[in-house]
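Peer 1: Pasting a structure here, questions to come.
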Amino acid sequence: MKRVFTIPRKGVSSGPVLFLWQSGSGNFLVSTGLDQVVNIYDRHGEKQHELSLPGICSGISWDKDGQILSIICEHSNTLLLWDSNTRTVSHVDSGLRDPMTLIVWSKSAPLLAVGTIKGNLLIYSYRTSKKISILGKHNKQITYGAWSQQNYLALVASDKSLTLSNADGDTVYRTTLKGEPSQVQFSSMKQDAQEVVKLQKALFLLNIHDPEDPIILSFQEKYGSVVDYCWHDEGYILLGFSSGSFIVLSTLLKEIGQEMYHVQCFKNNLSYMTFCAAEKKVISCGDDNKIKTYDIRNLQEMLQMITVDDEQYIDGIQWSDDGQLLAVAGSEGNLHVYLTKLPVLGSVSGQKLAHLSSLYEVSIYSARKKDNVTKLK
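Okay, structure coming up:
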């Protein structure tokens, strides 16, 4: 793992950094802070676009194809939509009258869900410009949301409520959770029918075809709180805990709740994790500023560890979908990008071999002079 560039604090403003890789290709990295500006960088760290906002950004989301970036911010009821192909911005009046707090694109259709601080919901069709407003979807702030492949929308709110709605916004299931929800995901199984809500020390599992029989999985006190989780393979969940542990849990009916693997990833704590389905690897950070890489098929063996020496602690990580670049937010507002995988590119001509040795460099070897290496940047 090699650092390829850093976007310094002045480039992302002071305070916490909100950042997101473009879906699919990962050609763009979006970042924003407290300065009411959204910056869009390419894979080399060069700024490609800058968007000024009327308030602090409160949410960013890419559509499934990575074409449209949607942005919401404080003190505005307007959706900003940036087209990565044309580099143009369009403004859409949401029609909502209370602050927007959540924005999330569908996985399979050009549908955008927007939640508000008072629990109202907007579903916007980018293709037809149709807007469906649902007042009182929740009683309090909508905090997290996710779409299934079949266009069911799961939402959780600060009043501990969970709703499941169809693409028209009709509620098909509602319940009150026993803990504070902090994340919601649909499974990676072919049916995409299982929904998981992360509570502080438990998981709430719901089959959307049988919602009246949910399952709550609680964990041993020694693990601490659930920091993050991700689906992998058919019906298995990898969880990271505040104690520094990884466990793999089965949600298959015959072994549901069974702990398949347990690894003590960090000595003191685990703060963030990110999973790359293409590489079947997970990267986690903990013990303040350490980053570790594991193959999810063999968690017993750590693949790599680095220490971000110029940061006191890490404030967030995200992997690009292709598994090539890792973005790491530091405690001081800096955003570091690391190369985690290099494409295999090479060519042979006569007795010379050329191959890509870094994102910016090609190395040329001569069979006649084995120690003679020419590097082109």
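Residues in the sequence shown are numbered from 1 upward in steps of one, following the UniProt record's numbering. Don't be surprised by glycine CBs; every beta carbon is placed ideally from N, CA and C.
Which residue marks the beginning of the beta strand (DSSP E) containing Phe-5, and which one marks its end?
Peer 2: Here the question's residue 5 lines up with position 5 in the sequence shown. Its beta strand (DSSP E) spans residues 2-7.
Peer 1: Would you give the residue range spanned by the beta strand (DSSP E) that Ser-271 belongs to?
Peer 2: What you label residue 271 is simply residue 271 of the sequence shown in a count that begins at 1. Looking at the DSSP string, the run of the beta strand (DSSP E) that includes Ser-271 is 270-276.
Peer 1: Buried or exposed: Gln-194, going by 16 or more other Cβ atoms within 10 Å of its Cβ?
Peer 2: Taking the sequence shown and counting its residues from 1, the one referred to as residue 194 is at position 194. By the neighbour-count rule (16 or more Cβ atoms within 10 Å), Gln-194 is buried.
Peer 1: Counting only the same chain and skipping the five closest in sequence on each side, list residues whose C-beta sits under 6 Å from that of Trp-82.
Peer 2: Working through the sequence shown from its first residue, we reach residue 82 at position 82. Cβ neighbours of Trp-82 beyond the five flanking positions: Leu-69, Val-89.
Peer 1: Quick one: complete beta strand (DSSP E) runs, 3+ long, within the segment 104-134?
Peer 2: DSSP runs (the beta strand (DSSP E)) wholly in the segment 104-134: 111-116, 121-125, 131-134.
Peer 1: If you reduce the DSSP assignment to three classes, tell me which class Glu-50 lands in.
Peer 2: Here residue 50 corresponds to residue number 50 of the sequence shown, with the count starting at 1. DSSP places Glu-50 in strand when its eight states are reduced to three.
Peer 1: May I ask you to report which of helix, strand or coil DSSP gives Leu-20?
Peer 2: Along the sequence shown, one-based indexing puts residue 20 at 20. Note: Leu-20 maps to strand in three-state DSSP.
Peer 1: Going residue by residue through the segment 309-337, where are the continuous alpha helix (DSSP H) segments of at least 4 residues, counting only ones entirely within it?
Peer 2: Fully enclosed alpha helix (DSSP H) runs of 4 or longer: not present.
Peer 1: For the 8 Å Cβ check, are there 3 or more pairs between the segment 334-341 and the segment 308-323?
Peer 2: They touch, by the three-pair rule.
Peer 1: Of the choices Ala-167, Asn-166, Asn-151, Ala-146, whose alpha-carbon is the least far from that of Ala-157?
Peer 2: Here residue 157 refers to the residue found at position 157 of the sequence shown. For the residues Ala-167, Asn-166, Asn-151, Ala-146, the minimum Cα distance to Ala-157 belongs to Ala-146.
Peer 1: Helix, strand or coil for Lys-292 per DSSP?
Peer 2: For this step, residue 292 is matched to residue 292 along the sequence shown. Three-state DSSP puts Lys-292 in a strand.
Peer 1: Suppose contacts are defined by Cβ-Cβ distances below 9 Å. Is Asp-228 in contact with Met-302 by that definition?
Peer 2: For this step, residue 228 is matched to residue 228 along the sequence shown. For this step, residue 302 is matched to residue 302 along the sequence shown. For Asp-228 and Met-302, no; Cβs fall outside 9 Å.
Peer 1: Could you tell me the alpha carbon to alpha carbon distance between Ser-94 and Lys-107, rounded to whole angstroms?
Peer 2: What you label residue 94 is simply residue 94 of the sequence shown in a count that begins at 1. What you label residue 107 is simply residue 107 of the sequence shown in a count that begins at 1. Cα to Cα, Ser-94 sits roughly 21 Å from Lys-107.
Peer 1: Would you report the Cα separation of Val-248 and Tyr-124, rounded to the nearest angstrom?
Peer 2: By one-based count along the sequence shown, residue 248 stands at place 248. By one-based count along the sequence shown, residue 124 stands at place 124. Going from the Cα of Val-248 to the Cα of Tyr-124 covers about 37 Å.
Peer 1: What separation, rounded to the nearest whole angstrom, lies between the Cα atoms of Asn-39 and Gly-330?
Peer 2: Residue 39 sits at position 39 when you count from the first residue of the sequence shown. Residue 330 sits at position 330 when you count from the first residue of the sequence shown. Approximately 17 Å between the Cα atoms of the pair.
Peer 1: Who does Gly-286 pair with in a DSSP beta bridge?
Peer 2: The residue labelled residue 286 in the question sits at position 286 within the sequence shown. Beta-bridge pairing links Gly-286 to Leu-270, Lys-290.
Peer 1: Report back the beta-carbon spacing between Leu-199 and Glu-221 to the nearest angstrom; my notes put them in contact at under 8 Å.
Peer 2: What you label residue 199 is simply residue 199 of the sequence shown in a count that begins at 1. What you label residue 221 is simply residue 221 of the sequence shown in a count that begins at 1. At roughly 14 Å, the Cβ-Cβ gap does not stay under 8 Å, so Leu-199 and Glu-221 are not in contact.
Peer 1: Is it a yes or a no for the segment 105-120 touching the segment 135-151, going by three-plus beta-carbon pairs under 8 Å?
Peer 2: The segment 105-120, when compared against the segment 135-151, does touch it at the 8 Å Cβ threshold.
Peer 1: If you follow the beta strand (DSSP E) that Phe-219 is in, where does it begin and where does it stop?
Peer 2: On the sequence shown, position 219 is the one that residue 219 refers to. No beta strand (DSSP E) holds Phe-219; DSSP gives it neither H nor E.
Peer 1: Based on the DSSP secondary-structure assignment, which residues constitute the bridge partners of Met-100?
Peer 2: Stepping through the sequence shown from its first residue, residue 100 is reached at position 100. Met-100 pairs with Thr-116.
Peer 1: Starting from the N-terminal side, write out each stretch of the beta strand (DSSP E) that is 3 residues or longer and does not extend beyond the segment 136-220.
Peer 2: The segment 136-220 contains these whole beta strand (DSSP E) runs: 142-147, 153-157, 161-165, 171-176, 183-186, 194-198, 202-207, 215-218.
Peer 1: Just curious, the beta strand (DSSP E) that Thr-88 is in, first and last residue?
Peer 2: Translated into the one-based positions of the sequence shown, residue 88 becomes position 88. Start and end: 88-93.
Peer 1: Is Ser-84 near the ligand FAD - that is, is its Cβ less than 8 Å away from at least one heavy atom of it?
Peer 2: No copy of the ligand FAD appears in this structure; indeed no ligand is present at all.
Peer 1: Please report the residue range of the beta strand (DSSP E) in which Gln-304 lies.
Peer 2: Residue 304 sits at position 304 when you count from the first residue of the sequence shown. Where Gln-304 is concerned, the enclosing beta strand (DSSP E) stretches over 298-307.
Peer 1: Give a yes or no on whether the C-beta atoms belonging to residue 397 and Asn-77 are separated by under 9 Å.
Peer 2: As shown, the chain starts at 1 and ends at 377. That puts residue 397 outside it, with no answer to give.
Peer 1: From Ser-242 to Asn-298, what does the alpha carbon distance come to, in whole angstroms?
Peer 2: On the sequence shown, residue 242 is found 242 positions in, with the first residue counted as 1. On the sequence shown, residue 298 is found 298 positions in, with the first residue counted as 1. The alpha-carbon atoms of Ser-242 and Asn-298 are separated by roughly 21 Å.
Peer 1: CA-CA distance, Val-4 and Leu-238?
Peer 2: For the purposes of this step, residue 4 is taken as the residue at position 4 of the sequence shown. For the purposes of this step, residue 238 is taken as the residue at position 238 of the sequence shown. The straight-line gap from Cα to Cα measures roughly 29 Å.
Peer 1: Is DSSP giving Glu-259 helix, strand or coil here?
Peer 2: What you label residue 259 is simply residue 259 of the sequence shown in a count that begins at 1. Here Glu-259 sits in strand by DSSP.
Peer 1: Quick one: residues in its chain with C-beta nearer than 7 Å to the C-beta of Tyr-294, no 5 flanking neighbours on either side, listed in chain order?
Peer 2: The count along the sequence shown starts at 1 and reaches residue 294 at position 294. Hits under 7 Å: Lys-281, Val-282, Met-302, Leu-303.
Peer 1: Assign Asp-309 to buried or exposed, taking buried as 16 or more other Cβ atoms, counted over all protein chains shown, within 10 Å of its Cβ.
Peer 2: Position 309 of the sequence shown holds residue 309. Answer is exposed; the Cβ neighbour count stays below 16.
Peer 1: Grab the span of the beta strand (DSSP E) containing Leu-80 for me, first residue to last.
Peer 2: Taking the sequence shown and counting its residues from 1, the one referred to as residue 80 is at position 80. Where Leu-80 is concerned, the enclosing beta strand (DSSP E) stretches over 78-83.
Peer 1: Please state whether DSSP places Leu-34 in a helix, a strand or coil.
Peer 2: Translated into positions along the sequence shown, residue 34 becomes position 34. Correct three-state label for Leu-34: coil.
Peer 1: Return the chain-ordered list of same chain residues with a C-beta closer than 7 Å to the C-beta of Cys-57, the five sequence neighbours on each side being excluded.
Peer 2: In the sequence shown, the residue the question calls residue 57 occupies position 57. Taken in chain order, the residues that qualify are Leu-18, Thr-32, Val-38, Ile-71, Cys-73.
Peer 1: Distance, Cα to Cα, Thr-176 vs Lys-47?
Peer 2: As a working note, residue 176 is residue 176 in the sequence shown. As a working note, residue 47 is residue 47 in the sequence shown. Distance between the alpha carbons of Thr-176 and Lys-47 is about 44 Å.
Peer 1: Rank Phe-219, Tyr-223, Met-260 by C-alpha distance to the C-alpha of Tyr-236 and give the top, closest one.
Peer 2: Taking the sequence shown and counting its residues from 1, the one referred to as residue 236 is at position 236. Among Phe-219, Tyr-223, Met-260, the Cα nearest to that of Tyr-236 belongs to Met-260.
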